[in-house]
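Numbering (the UniProt record's numbering), first residue to last: 1 to 383.
Now the structure itself:
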């Protein structure tokens, strides 16, 4: 059988044969149970706030490691190399989760085990939560084992279902594909029922109800959804999910009101991860870039950082106009009588990119920017 404390807040009496011994609340009065519910709600809110602070702290730590890793100490090159490689691995993960994990494993920064990768994702320091969700949702044996290990790191003991969901859904951003969400919610339901064995008759009930709560959150708080479901519609939608029987009305009403009053806090990746990428770059400056399809030259602001070259139209832009990964890329100077001080990036079988240095007025002039960028790029691609 099952029991959810939210169901007791309305009348203070059990609706059917609910089991309360698991929570040790059988002897509590209705008023005491309400107080206990409020305490647990505040506890969940504090846990979410603590996790948000940990996420922010992780971003600061990532910045500090990037700063430390950008300079070599002659007598202590290994730690700075490790910090630099860790920073590169995080940024690779945010751009391509699979390649990022492979990079970290290849450089012995992660053990090739689901448990170690799951711990890395769970801590989430400097990681894009959309990328975390994408990686966990992949249908590969290793990814699925990582997902199970990741879910097992969450402690849902004594949390009512909606509180557990709030905690779980803050640790990553749900992908858009229904099949990926399905696998994630199956793992969540198994973990929740493992830690709270007397709440639902089986994991299927927990799974279906969890999915229904997520759908309810979307329907109630998505501006594009015009017809908002009523509490009666939510109750009707969940009839028969409790091993063929119905869940108590009080439970479903309490879940509906909880989501209606306070939507899930969904992690928003608003580009801040890119801003961390451009913090403390290896090199930055104005260059002229030749287009690939149209061979015209345009002035762009370039930033070289962590084995990638980014270019912007203006220095104030928050997002780059383009990104040039430097893996398997070579750089060489080019003699061009029309454009002095040029260099190109090239790879076998691919188009090359030309650039040259300009002054503040946009004129091509002699200078040492090319001489600074080329060694920096060489250094970046040789790591």
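Beta carbons are placed, not taken as given, at the ideal position from N, Cα and C, and that holds for glycine. Predicted, not measured: the structure shown is a model, and the values here were computed from it.
Cα atoms of residue 283 and residue 88: separation of roughly 15 Å, rounded to the nearest angstrom.
For residue 305, the uninterrupted beta strand (DSSP E) segment begins and ends at 297-305. Inter-residue distance for residue 325 and residue 337 is about 28 Å (C-alpha atoms, whole angstroms). In the structure shown, residue 81 falls within a helical segment according to DSSP collapsed to helix, strand and coil. With respect to the 8 Å criterion, residue 233 and residue 40 are not classified as neighbours on the basis of their beta carbons. In this model, residue 255 and residue 207 are separated by some 15 Å (Cα to Cα). Assignment of beta-bridge partners to residue 245 by DSSP yields 242. By the neighbour-count criterion, in which a residue is buried when 16 or more other Cβ atoms sit within 10 angstroms of its Cβ, residue 341 is buried. Per DSSP, reduced to three states, the secondary structure at residue 97 is helical.
Proximity to residue 223 across 127, 185 and 263 peaks at 263, based on C-alpha coordinates.
Between residue 170 and residue 265, the C-beta gap is smaller than 8 Å, which places the two residues in contact. Here residue 101 is buried, its C-beta having at least 16 other C-beta atoms within 10 Å. About 11 Å separates the CB atoms of residue 312 and residue 299; that is not less than 8 Å, and the two are not in contact. Here residue 220 is near residue 260, since their CB atoms are less than 8 Å apart. In this structure, the beta-carbon distance from residue 149 to residue 94 does not fall below 8 Å.
Only residues of its own chain outside the window of five on either side were considered, and among them 343 have a CB closer than 6 Å to the CB of residue 333, listed in chain order.
Ranking 156, 249 and 345 by CA distance to the CA of residue 289 puts 345 first. Scanning 330, 314, 281 and 286 for the CA closest to the CA of residue 91 turns up 281. The beta carbons of residue 201 and residue 242 sit about 6 Å from each other, so the pair counts as a contact at 8 Å. If you look at residue 145, you'll find it in the alpha helix (DSSP H) that goes 141-152.
Within a 10 Å sphere around the beta-carbon of residue 225 sit fewer than 16 other beta-carbons, which makes this residue exposed. Check the Cα spacing between residue 144 and each of 51, 187 and 54: the tightest is with 187. A Cβ-Cβ separation of about 6 Å places residue 156 in contact with residue 191 under the 8 Å criterion. Scanning 258, 329, 109 and 176 for the CA closest to the CA of residue 84 turns up 109. Under the DSSP assignment, residue 121 falls outside any beta strand (DSSP E), being part of the alpha helix (DSSP H) whose first and last residues are 114-123. Pairing residue 48 with residue 167 gives a Cβ-Cβ distance under 8 Å. Counting other Cβ atoms within 10 Å of its Cβ, residue 134 reaches 16 or more and is therefore classed as buried. Residue 244 and residue 122 have their alpha carbons spaced roughly 36 Å apart.
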